[in-house]
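Down below is the structure, laid out as structure tokens.
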Amino acid sequence: MKSSLPQSAGIALLGLWLSACTPTATTHPSRPDQPPAESAARPALMEPPGTLAPVKVTADRIPEPVATDLWQDLRNSFVMDDCGGEQRQDVDHWAHLFTESPNRFEANLRRALPSLRYIQQIASQRGMPGEFVLLPWVESHYLPVFSRRNRPVGMWQIMPDTARTMGLQVGHHYDARLDTAATTEAIFDLIAGYYQQYHDWRLADYAFNSGTGTINRLLARHGPASAQESIPSLPVHRGTREHLVKLMAIACVIRHPEAYGVELPHLAPSQRLEPVVIPKAMPVAEAAAKAGLPEETLTQLNSAFLDGTIDPSRSETLLLPRANVQRWYDTDPSMQSWPSSGAEDHAAERAAPASPDTRHALRKRHCTVKRGDTLSGIAHRHHVSTQQLIRWNHLGKRPLKPGQILRLEPR
């Protein structure tokens, strides 16, 4: 979880190609010393996450997404104290560091916006607090960080052993830590699990940074964290406390951009990322031509494929800008439907629900558990939620067994 990160030429090309992400204004207002205080009541720290399932949308042409305000949606989903409350000084310090150069901050946020928007859609489906949508900013500024040997990788900065425990494949040909869709689902599973253990999103972040063993020992020794504190006073490692402070700081900037002299960028609907089904293994060059994208762009959006081959046996989907999704399917007449990751598409589903036949085009009725499979991994591969798998198969707390057959739809 390093703060200094390499930035490759490919990432620069991606930022240029996604130039449709434009700021909403061009001037920088003056920066007051403190952000304005909100009069609203303190948000609940201990509300459980929801379990909305991904939506399938099918049509002759991809429907335009329902217009929503990303930043307001994100603010509405925040659950932690506004800018640190009584510990505002620490949070404000990091908020000012993040925005010390407004132009650089806006450029970095603009580059990250397609990934941020995609992660926000998943969080919205699952009822996750908006602060955790911003966690990759703290970890990597949303960069697909590569590393060698036993080091953290990807925008979420996950260690190899942790990834395998989460059901993410780590290998020479494919590294799921660089797969935005798979890793986001697995990370949210992990954080939601921490919340179920501690019933406190602040402690969930502490556990994400330092592990549950440390947090359990501190709670046993010092008692539960006070809900009245913005930042728990548990004597955690300095870096663990700072991790939460940074998370609250970037959320504070999103709450009050004018207080830090920055403008939040806008993402054109055509540049929102959408998953598409991979029909067969193919070279990256062929996949890029099929999507109508430069190879560098396709690779940056789907950097988990390490050997130049897009292979559905490793991941069943790619992420593409919405503007390129229709072309992807138009070049393969056998593929007439696609999964949608956006919570805003629930409105489209309610207006024109997909028929059972079209739903089955993307999803089989059953799957067989293989050695090393996890619920989150199976859910990601088949575009369902872990809670759906548990409910449809009456799994309870029993572990999965190789050879076990799971239903992938309700009876």
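Throughout the sequence shown, residue numbering follows the UniProt record's numbering, covering 1 to 411 in sequence.
Note that beta-carbon positions come from the ideal geometry of N, C-alpha and C, so glycine has one too.
Check: Among the residues of its own chain, which have a CB less than 6 Å from the CB of Ala323, if the five just before and after it don't count?; Outcome: Ser270
Check: Going by DSSP in three states, Met248 sits in which element: helix, strand or coil?; Outcome: helix
Check: Near Pro257, which residues of its chain fall below 6 Å by C-beta distance, leaving aside the five closest residues on each side in sequence?; Outcome: Leu264
Check: Take the Cβ of Asp69 as the centre, count every other Cβ of all protein chains shown within 10 Å, and call the residue buried at 16 or more, exposed below.; Outcome: exposed
Check: Just confirm the distance between the C-beta atoms of Ala182 and Ser77, as a whole number of angstroms; I'd bet it's less than 8 Å.; Outcome: Between Ser77 and Ala182 the Cβ distance is about 22 Å, and since that is not below 8 Å, they are no contact.
Check: From Gln388 to Trp328, what does the alpha carbon distance come to, in whole angstroms?; Outcome: 29 Å
Check: Label Thr405 either buried or exposed according to how many other C-beta atoms from any shown protein chain fall within 10 Å of its C-beta, with 16 as the threshold for buried.; Outcome: This sequence places Ile at residue 405; Thr is not what is there. Label assigned to Ile405: exposed.
Check: For Ile378, I'd like the list of residues in its chain whose CB is within less than 7 Å of its CB, leaving aside the five on either flank, ordered along the chain.; Outcome: Cys367, Leu389 and Leu406
Check: Do Pro275 and Leu306 have their C-beta atoms closer together than 7 Å?; Outcome: no
Check: Would you give the residue range spanned by the alpha helix (DSSP H) that Leu190 belongs to?; Outcome: Thr180 to Tyr198
Check: Can you name, in chain order, every residue of its own chain whose Cβ lies under 7 Å from the Cβ of Val153, other than the five neighbours on each side?; Outcome: Val145, Phe146, Ser147, Asp175, Arg177 and Leu178
Check: So the candidates are Gly292, Thr309 and Thr317; which of them puts its Cα closest to the Cα of Asp330?; Outcome: Gly292
Check: Return the bridge partner residues of Leu320 from the DSSP annotation.; Outcome: Glu274
Check: Skipping 5 residues on each side, what residues in its chain have a beta carbon closer than 6 Å to that of Met159?; Outcome: Pro152
Check: Please confirm if the segment 236-256 is in contact with the segment 79-92, defined as three or more CB-CB distances below 8 Å between the two stretches.; Outcome: yes
Check: Taking His172 as the reference, which of Ala186, Glu295, Val384 and Ser303 has the closest Cα?; Outcome: Ser303
Check: Quick one, are the C-beta atoms of Ile250 and Leu116 less than 7 Å apart?; Outcome: no
Check: Using the beta-carbon count (16 or more within 10 Å), is Asp200 buried or exposed?; Outcome: buried
Check: Just how far apart, CA to CA, sit Val170 and Ala163?; Outcome: 7 Å
Check: Just curious, the alpha helix (DSSP H) that Arg217 is in, first and last residue?; Outcome: Thr212 to His222
Check: Would you report the Cα separation of Ala288 and Leu267, rounded to the nearest angstrom?; Outcome: 22 Å
Check: If you draw a straight line from the C-alpha of Thr212 to the C-alpha of Pro294, how long is it?; Outcome: 43 Å
Check: According to the Cβ coordinates, are Val245 and Val138 closer than 7 Å?; Outcome: no
Check: Using a Cβ-Cβ cut-off of 7 Å (strictly less than) and excluding sequence neighbours within five positions of Asp205, which residues of its own chain qualify?; Outcome: His243, Leu244 and Leu247
Check: May I have the straight-line CA-CA distance separating Pro279 from Thr317, to the nearest angstrom?; Outcome: 9 Å
Check: Ile405 lies in the alpha helix (DSSP H); which residues open and close that run?; Outcome: It is not in any alpha helix (DSSP H) - Ile405 instead sits in the beta strand (DSSP E) that spans Ile405 to Arg407.
Check: Can you tell me whether Thr180 is buried or exposed? The criterion is at least 16 other CB atoms within 10 Å of its CB, across all chains shown.; Outcome: buried
Check: Taking a contact to mean a Cβ-Cβ separation below 7 Å, would you say Val284 touches Gly308 in this structure?; Outcome: yes
Check: Buried or exposed: Lys401, going by 16 or more other Cβ atoms within 10 Å of its Cβ?; Outcome: exposed
Check: Could you give the first and the last residue of the continuous beta strand (DSSP E) run that contains Thr368?; Outcome: His366 to Thr368
Check: Going straight from the alpha carbon of Gln326 to that of Ala95, what length do you get?; Outcome: 40 Å
Check: Just the Cα atoms here: how many angstroms apart are Ser101 and Ser124?; Outcome: 30 Å
Check: Three-state secondary structure (DSSP) at Asp175?; Outcome: strand
Check: Let me know the secondary structure DSSP gives Lys2 once reduced to three states.; Outcome: Bear in mind that a pLDDT of 41 at Lys2, under 50, signals an unreliable position, so the number given afterwards is only what the model happens to contain. Looking at Lys2 - three-state DSSP - the assignment turns out to be coil, as it is neither helix nor strand.
Check: Can you tell me the Cα-Cα spacing of Asn216 and Gln121, whole angstroms?; Outcome: 32 Å
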